[in-house]
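In our numbering, the protein residues as written are 3 to 97. Every residue gets a Cβ at the ideal spot worked out from N, C-alpha and C, and that includes glycine. Since this is a predicted model, take the numbers as computed values, not measurements. A short write-up of the structure that comes next.
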């Protein structure tokens, strides 16, 4: 149970870091806390575009040391989806 709680806390921390990174790297004039974990990053969500994806890709690699090799752009669908990809890589590095 403690491991499950630790993973949930780590996941929440990762989501928070990703939100702050999105706002700062893309110069968005919003509070990172206004972004929900499952809010779409494109379309009617944050309305990001393909150039923003490139910027996020570079930012994630720089911030977390994780390269996203998934050719499926669904990875960039939401903060939660990004965290799903980043968390296992972070755990592997820290293990």
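Write down the C-beta distance between residue 63 and residue 28 rounded to the nearest angstrom, noting that I regard them as a contact closer than 8 Å. By one-based count along the chain shown, residue 63 stands at place 61. By one-based count along the chain shown, residue 28 stands at place 26. Wrong, their Cβ atoms sit about 16 Å apart, outside the cutoff.
Whole angstroms are fine: how far does the CA of residue 8 sit from the CA of residue 55? For the purposes of this step, residue 55 is taken as residue 53 along the chain shown, with counting starting at 1. For the purposes of this step, residue 8 is taken as residue 6 along the chain shown, with counting starting at 1. The alpha-carbon separation between residue 55 and residue 8 amounts to approximately 29 Å.
Can residue 39 and residue 80 be called in contact, C-beta distance under 8 Å? The residue you call residue 39 lines up with position 37 of the chain shown. The residue you call residue 80 lines up with position 78 of the chain shown. Their beta carbons are under 8 Å apart, which means residue 39 touches residue 80 by this criterion.
When 67, 25 and 46 are compared against residue 36, the one with the closest alpha-carbon: Counting from one through the chain shown, the residue named residue 36 turns up at place 34. Of the residues 67, 25 and 46, the one whose Cα lies closest to the Cα of residue 36 is 25.
Residue of 30, 17 and 31 minimising C-alpha distance to residue 78: Taking the first residue of the chain shown as 1, we reach residue 78 at position 76. Comparing alpha carbon positions, the residue from 30, 17 and 31 closest to residue 78 is 17.
Would DSSP call residue 42 helix, strand or coil? Locating residue 42 in the chain shown gives position 40, counting from the first residue. Of the three classes helix, strand and coil, the one that applies to residue 42 here is coil, per DSSP.
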